[in-house]
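Chemist: Mind having a look at this structure? Questions to follow.
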Amino acid sequence: MEHVNISFMLGHWGKRSRPNDRGVSSNGYVEAYENLKLMADVAIAIEEKTNKAIRVQLLCDGNYSERAQRSNQIGSKLFIAWHLNYTPGGNYTLVIYDHRNSSNVGFARELATAIGKVLNIPANVWSSWDPSKQKPRRGFNNIKHVNAPAFILETCFIDNPVHMKRLKQNYDSLVDAIANTIINYINP
Ligand SMILES: [Zn+2]
1349 MEHVNISFML GHWGKRSRPN DRGVSSNGYV EAYENLKLMA DVAIAIEEKT NKAIRVQLLC
1409 DGNYSERAQR SNQIGSKLFI AWHLNYTPGG NYTLVIYDHR NSSNVGFARE LATAIGKVLN
1469 IPANVWSSWD PSKQKPRRGF NNIKHVNAPA FILETCFIDN PVHMKRLKQN YDSLVDAIAN
1529 TIINYINP
């Protein structure tokens, strides 16, 4: 059966230079664990909803460059790096799109809007180019080796206990909203 490959990359985790990098911890949450669960559940939802017309590659091992290469090898049509970083005052959902392809902004807006609706928080979209510093944002390392349209997702911020509680309380709706947005974009 014909199918389309997409890739989800766990932020942090398997970098050989930092083997115990689980991202940030706050309020009893560990970033990499929360993201691993969410991205795996979205992957399962996408494969079930499309009867595997879309297959999701989960990338956890190796450094960011190695993970990007594995996505490139299977010709992925979409690449999302998943984070729940620590950002004091972070009261929004954020999708960062690859500044090398400005047409990516459309999907970034759709994904941020869908998540913002479920969590009832503002939806932000940024380019991976930082205009004030005249260089790519720090997180660009997540996606700079990726051929596919590439995005960094901050579903919300781990040090915001209200938003993390909403993430847990609306978990199934959140999984559905993210999965449906991706399916509509890939349109298999
Ligand atoms: Zn992170």
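Going by our numbering, the sequence shown wraps up at 1536, each residue one higher than the last. Even for Gly, the Cβ is constructed at its ideal location relative to N, Cα and C.
Looking at the unbroken beta strand (DSSP E) that takes in Y1445, where does it start and where does it end?
Modeler: Taken as a continuous stretch (DSSP letters only), the beta strand (DSSP E) holding Y1445 covers T1441 to Y1445.
Chemist: For S1604, which residues in the same chain have their Cβ closer than 6 Å to its Cβ, ignoring the five residues on either side in sequence?
Modeler: Since the first residue shown for the chain is 1349 and the last is 1536, residue 1604 is missing from the structure and cannot be characterised.
Chemist: Helix, strand or coil, according to DSSP, for Q1482 in the structure here?
Modeler: In the structure shown, Q1482 sits in coil (DSSP, three-state: anything other than H, G, I, E or B).
Chemist: If you follow the beta strand (DSSP E) that A1455 is part of, which residue opens it and which one closes it?
Modeler: In the sequence as displayed, the identity of residue 1455 is Phe instead of Ala. Counting along the chain, F1455 falls outside any beta strand (DSSP E), though it belongs to the alpha helix (DSSP H) covering V1453 to L1467.
Chemist: Cutting at 8 Å between CB atoms, please list the residues of its own chain near I1531, excluding the five before and the five after it.
Modeler: Cβ within range, chain order: I1394, K1397, T1398 and I1402.
Chemist: Considering only C-alpha positions, which residue in the set R1486, V1352, G1437 and E1502 is nearest to M1387?
Modeler: Comparing Cα positions, the closest option is E1502.
Chemist: Beta-carbon within less than 7 Å of F1488's beta-carbon, same chain only, minus the 5 sequence neighbours each way: which residues are those?
Modeler: S1476.
Chemist: Judging by CA-CA distance, which residue of D1524, I1428, G1423 and P1497 is the nearest neighbour of I1463?
Modeler: Of the candidates D1524, I1428, G1423 and P1497, the one whose C-alpha sits nearest the C-alpha of I1463 is D1524.
Chemist: Cutting at 7 Å between CB atoms, please list the residues of its own chain near I1469, excluding the five before and the five after it.
Modeler: Counting only Cβ-Cβ distances below 7 Å, and skipping sequence neighbours, we find N1439, Y1440, T1441, C1504 and H1511.
Chemist: What I want to know is whether the C-beta of E1379 ends up closer than 7 Å to one or more non-hydrogen atoms of ligand 1.
Modeler: Yes, Cβ of E1379 sits closer than 7 Å to a heavy atom of ligand 1.
Chemist: Looking at V1390: is its Cβ nearer than 8 Å to the Cβ of I1526?
Modeler: The answer is yes: Cβ separation under 8 Å.
Chemist: Using only the heavy atoms of ligand 1, determine whether one of them is closer than 7 Å to the beta carbon of N1472.
Modeler: No, Cβ of N1472 sits at least 7 Å from all heavy atoms of ligand 1.
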